[in-house]
Amino acid sequence: YGFINTCLKSLVVEKYGEETWEKLRLQAGVQDSFLTFEVYKDEITMQLVDKACKILGVPADTVLREFGEYFFEFCKRSGYDHMLRTLGGNLYEFIENLDALHSYLSLSYQEMNAPSFRVEKNEDGSMHLHYYSDRRGLCHIVPGIIGAAALDFFNIEISMEIVDQTEEEERTGKKEHIVFLVTQNPVFSYKERNEFSSSHQYLADSEKQIENQLNKEDLEKAKNTIRDRGSSVCPVKKSHWKTIRGIITLGKGKLLRGFDPVYPKSLWIDTKTFCNGLPFHMVFDKELRVKQAGVSIQKIVPGLQTTGISLDHYFSIVHPEVPFTISSIQKFINSQFVFQTRREMMPESWKQRPMLELRGQMIWMESLQCMLYLCSPLLRTLHELEERQMHIADIAPHDVTRDLILLNQQRLAEMELSNQLERKKEELRVLSKHLEEEKKKTEALLYAMLPQHVANQLKEGKRVEAGEFEECTILFSDVVTFTNICAQCEPIQIVLMLNSMYLRFDRLTTVHDVYKVETIGDAYMVVGGVPVPVPTHAERVANFALGMIIAAKGVQNPVSGNPIQIRVGIHTGPVLAGVVGEKMPRYCLFGDTVNIASRMESHGVPSKIHLSSSAYQCLKYKNFEMTGRGEIEVKGKGKMHTYFLIRNKTATENEIMGRP
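In the numbering used here, the protein residues as written are -1 to 658.
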C-alpha cells in the first residue's frame, strides 16, 4: 500500500534531505507521492530500497533495519499509537497479537498481504520469534520494528539474531520462514545498573523490602482477625510463610497479585442452549471428526448435522496458511484461524454465492482430547452479508460482528470520501507544482527583460522611481558592414546570424555579471554597475568586451562565409535609469554617458575595443593592456583622446569565455 512507500519517502526526506529523495526516486523510476489506500507493486518498494543502498552506500540489512525503526514511529504519528500500545502488557503478548492487529487492519486495507508472527517462550527468558512472509529479503525490517516497540512501550532493550532461515514448509503459501532469537535486558540508568550489579542479595533484599512495605496497622488488624478466628476452632500450627500469606489475603491486598478462578462442579448449561447461544462453534477431535456444531453453521453447512464427518472435507484453512492437521493447529493455536467453506460440499443454493468464511480462536480441551473452534462469520460490510443471502439476525446478539458490519459500513463510506479528498489533494499538488514551474518560466522571462527588483515592484503594482547612478560603464557593439550583408541575404539568414551571435553574447553577460540593456538590429548594449552598483563595473565590462571579440569569430558571415567582425565602444560616467512605458515596459538608461558610449562604438575600428579617456582611467591600474589611439574628432563632441583595449594580463581566454 501507498502507506509503506510514503513512510519510506518520509524517512529519506527527514534524514537525508529532499534532494536525496529526488535523486533516489528518479533512479528508481517512481512517482513523487503515493496515495495511502492505493495498492502499488512490490517492485516499486524493492527498487527504492535497492537504490537507497547504492546512493547512501550502506548494506541492505542496515537500510531495512533503519526503515523498521522509522516505520514504528511513522505508525505512531499516523494515529496508530493507542492501538499499538494496547496490544499487550509485555513484549511476548505484543508480538503474539500482531496477527490479530493485521486482521483488523485488513478491514481498511483489504488487499493487504501482511507477514505473520509466532512466538515461543524459552526457559532462560529469551524468545524465539517465527516470521513468515510472502516477500523474500525483508526480514531485517523485523528487528527494527520490534526493537523500537520494546524500547518505547516496555522500556527494554532487545537483541535479535537470526538462528534459522528456511523455505517455508509448515505454512503453505508463505515463501520465507525466519526464526529470530530475542533476548531482552532491562534498561537501567547508570546508577541503577551499578547498584544492581553490586548487590548479590538483590532478590533477598527485594523480599525484605516488600515485607517492610506492609502497613503496620494492617498487620495488627490481620493478626487480631486470625487470633479471633483461631479461638473458635482448633488451633493449627502454621509456618511463618503461611501466616504471611494469611495476612496478605486478609489485609488490603497490597501483595495480592495472583488470581485463582473458581469453577463450578458441573456445567450449568445444557447442550441445546450451548449450541443456540454459540451458533457458529465447532468441536472436533484429533482425527478432525466433528463432535458438535452450532445451529447457524449447521444451517449453512448441513453436512455438519452428521456426527463424525471429517471437518477438512467441508472447510479449508485460509489463515494461518497451514496444513489441516491437529498438530499444525496446535502449533499456531495462539493465532486467529479463518476457515472457508468448500464449494463442492455446499448446498445447491450456495453454489453461485461467495463462500462463507469463519474467523475465531482454537481452544484445546485436554480432558476431552478435542479442539473447540469458537468463531463468527467473517463479514466486513452489508454488501458481503447480502452476497451470501444472510441477515444480521443470523448472527448471535452478543456477537460483535453485528456491530462491526454496521460500523465498518459507515467507516468504508468515510474512507472512500477520504480517498477522494486525498486524490483531489494529489491533483492539486501536481497542478500547484506545474503552476510553480510555469511561474518560474514567466519570472525568468520577465527578469530577462527587466532587473529583478524592478520586475518585483511592477508585479506588486508599485511605481518604479528613476534612479541616479554616479558612475557606471556602458558598452555598445555593432556588426561591421551589416547594411551590405542585409542587402545581399535572405531575411532568415540575417535572423539566424544575429541569433547565433546574441546567444553567445547573452551567455557572456552571465559569466561577467553585466546587465544587458537592449538590442536594436545589430547593436548590442550592456552596462556594468546598473541596476546594482558595484566598484568593479569597468573591469566586468572590459572582460565582457574581450569575450565578445573572441565569440564573434565563431559566427559566420552569410555572404562571405568568413567570421563576422564587430566594433565595440566603452565609456564610463553617470546615468539616470528608469522604466519607460506600461505596455512592454523597458528599463532604459538616460544621459550623456549613453551618447558618448555610442560614439565610441561608431568611431571604432573593426575587431577592436574603443575606450574613452574616462573608461581608460578606470582600467589603468587593473591589469589590462591598453594602447593610445590619439586625438580623434567625435561627432557632436569635438576632439577626444581615446584608447584601444588589447587584453587582460592575468586572465586566460578560457576564463574570459567562462569555459571550464
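A virtual CB, placed ideally from N, CA and C, is assigned to each residue, including glycine.
None of the values given here were measured: they were computed from a predicted structure.
Supposed contact pair residue j and residue i - C-beta distance, whole angstroms, cut 8 Å
i, j, result
"L356", "F278", "6 Å"
"F467", "P531", "6 Å"
"L66", "G142", "According to the sequence shown, residue 66 is Gly rather than Leu. With a Cβ gap of about 2 Å, G66 and G142 count as contacting."
"K74", "D132", "That pair is no contact at about 26 Å."
"F622", "A540", "6 Å"
"I568", "L609", "5 Å"
"I93", "F115", "6 Å"
"D511", "R565", "In fact, because the Cβ distance is near 24 Å, the residues do not count as touching under 8 Å."
"V299", "N274", "Their Cβ separation, rounded to whole angstroms, is 17 Å, which puts V299 and N274 out of contact at 8 Å."
"V632", "M624", "Not quite, the Cβ-Cβ distance comes to about 18 Å (not below 8 Å), so this is no contact."
"M110", "E118", "Between E118 and M110 the Cβ distance is about 25 Å, and since that is not below 8 Å, they are no contact."
"G145", "I156", "6 Å"
"L372", "L276", "7 Å"
"A521", "F474", "6 Å"
"A453", "V528", "Actually they are not in contact, since the Cβ atoms of A453 and V528 sit about 15 Å apart, beyond 8 Å."
Residue i: CB within 8 Å of a non-hydrogen atom of the ligand SAM
i, result
"W348", "No copy of the ligand SAM appears in this structure; indeed no ligand is present at all."
Sequence-distant residues of the same chain with beta carbon closer than 8 Å to residue i, five excluded per side
i, result
"L659", "Nothing in the structure corresponds to residue 659, since the chain is present only between -1 and 658."
"T379", "I403, N406, Q407, L410"
"L383", "L377, H389, I390, I403"
Between the CA atoms of residue j and residue i - distance to the nearest angstrom
i, j, result
"S187", "C137", "Confidence at S187 is low in this model, with a pLDDT of 45, below 50, so the placement of that residue should be treated as unreliable; the coordinate-derived value is given next. Going by the C-alpha atoms only, they are around 31 Å apart."
"A437", "A485", "For the record, residue 437 in the displayed sequence is Lys; it is not Ala. The straight-line gap from Cα to Cα measures roughly 41 Å."
"G589", "I490", "35 Å"
"R421", "L444", "34 Å"
"R584", "E412", "56 Å"
"A723", "D40", "Outside the shown range of the chain (-1 to 658) lies residue 723, about which nothing can therefore be said."
"H80", "M44", "30 Å"
"K423", "Y78", "23 Å"
"W19", "N3", "12 Å"
"G123", "L62", "27 Å"
"A595", "L496", "22 Å"
"V180", "L127", "7 Å"
"H311", "M343", "8 Å"
"Y513", "E17", "32 Å"
"V177", "Y130", "9 Å"
"E516", "G579", "15 Å"
"V577", "E463", "8 Å"
"K647", "P604", "22 Å"
"N482", "N555", "11 Å"
"Q296", "S347", "15 Å"
"T323", "V398", "29 Å"
"V281", "S264", "19 Å"
"A291", "A98", "24 Å"
"L429", "P57", "37 Å"
Neighbourhood of residue i by C-beta distance below 7 Å, restricted to the same chain and skipping five residues each side
i, result
"A536", "T471, G526, T570, A613, C616, L617"
"R627", "T640, Y641, F642"
"R386", "R351, P352, L354"
"N332", "E94"
"T339", "V299, Y312, F313, M353, L354"
"S8", "F72"
Per DSSP, cross-strand counterpart(s) of residue i
i, result
"T640", "G628"
"R597", "Partner(s): none; R597 has no beta bridge."
"K514", "V524"
"Y585", "V577"
"L609", "I568, Y641"
"C470", "G571"
"V180", "M125, M158"
"V477", "I564"
"Q554", "P561"
"T164", "H175"
"Q359", "L372"
"V281", "Q290, L370"
"F622", "N646"
"G465", "A575"
Contact set for residue i: own chain, Cβ-Cβ below 6 Å, skip 5 residues either direction
i, result
"R502", "A549"
"G656", "V509"
"A202", "Only weak support exists for where A202 lies, its pLDDT of 43 falling under 50; the value from the coordinates is given anyway. Once the five neighbours on either side are set aside, A202 has no close Cβ partner at all."
"P658", "none"
"V28", "I42"
Unbroken alpha helix (DSSP H) runs of length 4 or more, entirely within the region 104 to 146: which are they? none
Mind listing, in chain order, the continuous alpha helix (DSSP H) runs of no fewer than 4 residues lying wholly within the region 363 to 438? 380 to 385
Residue ranges of each alpha helix (DSSP H) run of no fewer than 4 residues wholly in the region 2 to 88, ordered along the chain? 16 to 26, 40 to 54, 58 to 73, 79 to 83
Fully enclosed by the region 283 to 341, which alpha helix (DSSP H) runs are 4 residues long or longer? 293 to 298, 309 to 312, 324 to 329
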